[in-house]
Amino acid sequence: MEHRVDERQSTCATAAAPSGSVSHLLPKEIQQQIERHPCYSKQAHQYARMHLPVAPACNIQCNYCNRKYDCSNESRPGVVSHLVDPHGALKQFKAIKKRAPNLTVVGIAGPGDALANPKATFSALKLIRAEDPTAQLCISTNGLMLAEYAAELAAHGVHHLTITINTIDPTVAAKIYPWVYYDHQRLRGLAAAERLIGNQLAGLEAAAKLGMLVKVNTVLIPGINDQHIAALSDAVKARGALLHNIMPLISAAEHGTYFGMTGQRGPTEEELTLARNASGQFMAQMTHCQQCRADAVGTLGGCSSEATDEPTPQTAALRVAVATNGEPLLSTHFGHARQFEIYQLDHRNNRFNLLERRQVAQYCSGASECPEEESDKQALFNTISDCQMVLSARIGISPWRTLEQLGITPNVDFAYQAIGKALQQLALQQQPSQPQEHNDEVCHY
3 MEHRVDERQS TCATAAAPSG SVSHLLPKEI QQQIERHPCY SKQAHQYARM HLPVAPACNI
63 QCNYCNRKYD CSNESRPGVV SHLVDPHGAL KQFKAIKKRA PNLTVVGIAG PGDALANPKA
123 TFSALKLIRA EDPTAQLCIS TNGLMLAEYA AELAAHGVHH LTITINTIDP TVAAKIYPWV
183 YYDHQRLRGL AAAERLIGNQ LAGLEAAAKL GMLVKVNTVL IPGINDQHIA ALSDAVKARG
243 ALLHNIMPLI SAAEHGTYFG MTGQRGPTEE ELTLARNASG QFMAQMTHCQ QCRADAVGTL
303 GGCSSEATDE PTPQTAALRV AVATNGEPLL STHFGHARQF EIYQLDHRNN RFNLLERRQV
363 AQYCSGASEC PEEESDKQAL FNTISDCQMV LSARIGISPW RTLEQLGITP NVDFAYQAIG
423 KALQQLALQQ QPSQPQEHND EVCHY
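Quick note on our numbering: the sequence shown kicks off at 3 and runs consecutively.
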């Protein structure tokens with residue numbers, strides 16, 4: 003039995019063609035395989051994913067990429083705050099899974115290339131699979147080494163795969179990739195382009211034959227690959243790709259990429275739509291991509307895609323900052339926190355959803371060493387200024403008073419409790435007249 007996928011009921015949304023809507027047929031078994039993967043299904047918004055940043059090295063250079071660390075406010079591919087080894091990745095997964103039972107997908111997306119770091123990648127996949135056999139494992143790759151590792155990926159339980167393929171024309175690829183490192187050689191120009199494209203298409207075909215669900219990512223670069231989208235989509239569809247995700251180039255100069263520094267612009271919304279229309283003639287389109295960081299955790303676009311009314315003063319959601327240094331317990335002193343986890347109360351199901359993590363400089367560097375400069379203090383308070391409450395193990399009288407002046411309630415009542423349990427209790431306190439069973443699901447953005 004096959005299901006027709008169109009823009010109205012899509013789990014894999016398709017773009018409308020200029021002459022009308024385009025729909026694609028997907029077998030029922032494939033629909034069932036993707037219905038819990040938020041990157042493959044627009045209807046899977048309630049499920050969370052987790053990217054494990056275990057793969058720092060890359061074997062190609064892209065003119066739109068700059069892998070940077072400690073960039074907590076940037077949401078784009080290749081950015082992480084901290085690398086972890088496979089055992090550190092397992093530790094993070096176990097901690098998040100305890101607080102987020104809606105976590106269904108675990109992937110490796112960099113910050114380099116998963117298959118340029120095969121030892122770390124396969125070790126992490128093995129550890130996660132042993133811990134939770136139900137987790138959907140996936141990786142993102144540039145495809146250079148995919149044909150070589152496709153069988154091993156399948157053996158490790160990887161069922162979802164993303165390959166970034168920007169063109170099938172070597173003359174176009176030479177404008178996107180300065181070099182490719184393959185078989186102990188650094189290739190440049192057309193030689194690099196031909197090797198990369200050949201390996202990508204061979205790897206895609208091998209993965210599809212092994213039963214992997216393959217999504218192809220394409221960065222749309224005006225004036226470079228925008229006229230080749232239809233040919234690319236036709237080629238990858240013929241080799242077994244399931245979805246095409248056409249993403250806009252991110253080319254802000256401050257990111258330090260070659261395209262950013264040379265003034266290469268990103269596409270307009272109209273250009274993006276035209277490209278998706280061209281590709282949509284051949285295959286289903288992913289249109290809800292968030293171009294996530296390589297250490298992203300959580301849902302895409304929130305825990306619900308339904309529009310909600312503007313909150314009234316009586317129902318406005320409570321936003322809480324939790325002082326933490328990554329531990330599962332509420333054991334961090336306010337002045338010693340290196341990050342705050344920001345949660346917001348969802349009144350519909352009476353639970354707190356994790357919105358994001360915000361990195362901060364420690365307010366105090368020692369038992370009694372706290373900043374004297376007002377600007378240093380203010381920077382920390384600005385980080386949580388949109389919150390109504392802050393939870394920590396302890397807090398000094400001076401920051402306590404400052405927080406109260408800002409309209410933020412300090413709270414140390416849950417010191418040394420598990421953060422998830424503390425939030426459950428706090429949620430119940432907000433609706434004392436409607437007692438209900440605890441639900442510790444946490445959605446991550």
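C-beta: ideal position from N, C-alpha, C; glycine also.
Annotated as distal: Ala-424 and Ala-395, with beta-carbon spacing of 8 angstroms or more. Within the model, the alpha-carbon separation for Ala-208 versus Ala-152 is close to 7 angstroms. Taking C-beta atoms as the reference points, Pro-135 and Pro-58 fail to come closer than 8 angstroms. Proximity to Asn-68 across Asn-279, Gly-422, Leu-251 and Ala-194 peaks at Leu-251, based on C-alpha coordinates. Within the same chain, and ignoring the five residues on either side of Ile-199 in sequence, the residues whose Cβ sits closer than 7 angstroms to its Cβ are Ile-170, Pro-172 and Ala-175. When the beta-carbon positions are compared, Gln-346 and Arg-359 stay at least 8 angstroms from each other.
Bounds of the beta strand (DSSP E) holding Val-182 are 181-184. C-alpha of Asp-348 to C-alpha of Leu-139: approximately 29 angstroms in a straight line. For Ile-248, the number of other beta carbons within 10 angstroms of its own is at least 16, and it is reported as buried. Nearest C-alpha to Met-147 among Gln-427, Gln-426, Ala-137 and His-186: His-186. Inter-residue distance for Gln-427 and Ile-178 is about 52 angstroms (C-alpha atoms, whole angstroms). Between the C-alpha atoms of Ala-254 and Leu-332 there is a straight-line separation of about 38 angstroms.
Counting of Cβ neighbours within 10 angstroms places Ile-98 among the buried residues, the total reaching 16 or more. Contact between Asp-115 and Cys-64 does not hold, since their C-beta atoms are separated by about 10 angstroms, which reaches or exceeds 8 angstroms. Cβ neighbours of Tyr-260 within its own chain (closer than 7 angstroms, five residues either side excluded): Asn-65. Per DSSP, Ile-231 is one residue of the alpha helix (DSSP H) stretching across 231-240. Distance from the CA atom of Ile-141 to the CA atom of Lys-96, rounded to whole angstroms, is 19 angstroms. Gly-398: not part of any beta strand (DSSP E); DSSP gives it neither H nor E. In the DSSP assignment, Thr-326 falls outside any alpha helix (DSSP H) and within the unbroken beta strand (DSSP E) covering 321-326.
Between the alpha carbons of Ile-62 and Gly-191 lies a distance of about 12 angstroms.
Excluding five sequence positions before and after Lys-217, the CB atoms of its chain that fall closer than 8 angstroms to its own CB belong to Cys-41, Tyr-42, His-162, Leu-163, Thr-164, Ile-165, Ala-243, Leu-244, Leu-245, His-246, Asn-247 and Met-288, given in chain order. Residues Gly-145, Leu-146, Met-147, Leu-148, Ala-149 and Tyr-184 of the same chain have their beta carbon placed closer than 8 angstroms to that of Asn-201, with the five preceding and five following residues left out of the count. The beta carbon of Met-214 is closer than 8 angstroms to those of Ala-152, Leu-155, Ala-156, Val-160, His-161, His-162 and Leu-163 in its chain, skipping five residues each way along the sequence. Considering only Pro-55, Ala-319, His-230 and Gly-328, the residue with the shortest C-alpha distance to Arg-278 is His-230. Assignment of Pro-172 by DSSP, reduced to helix, strand and coil, places it in the helix class.
Under the three-state reduction of DSSP, Met-249 is assigned to strand.
Sixteen is the threshold: since fewer than 16 other Cβ atoms of the shown chains lie within 10 Å of the Cβ of Lys-121, the residue is exposed.
Counting along the chain, Thr-275 sits inside the alpha helix (DSSP H) bounded by residues 271-282.
Beta bridge pairing from DSSP links Phe-354 with Leu-347.
The DSSP-derived three-state label of Pro-88 is helix. DSSP places Pro-120 inside the alpha helix (DSSP H), whose first and last residues are 120-133. Short of 7 angstroms from the beta carbon of Arg-267, and not among the five residues preceding or following it, lie these beta carbons of its own chain, in chain order: Pro-224 and Ser-253.
For Gly-205, no beta strand (DSSP E) run applies; the uninterrupted alpha helix (DSSP H) run containing it begins and ends at 191-211, by DSSP. Taken in chain order, the whole alpha helix (DSSP H) runs of length 4 or more contained in the region 130-164 are 148-157.
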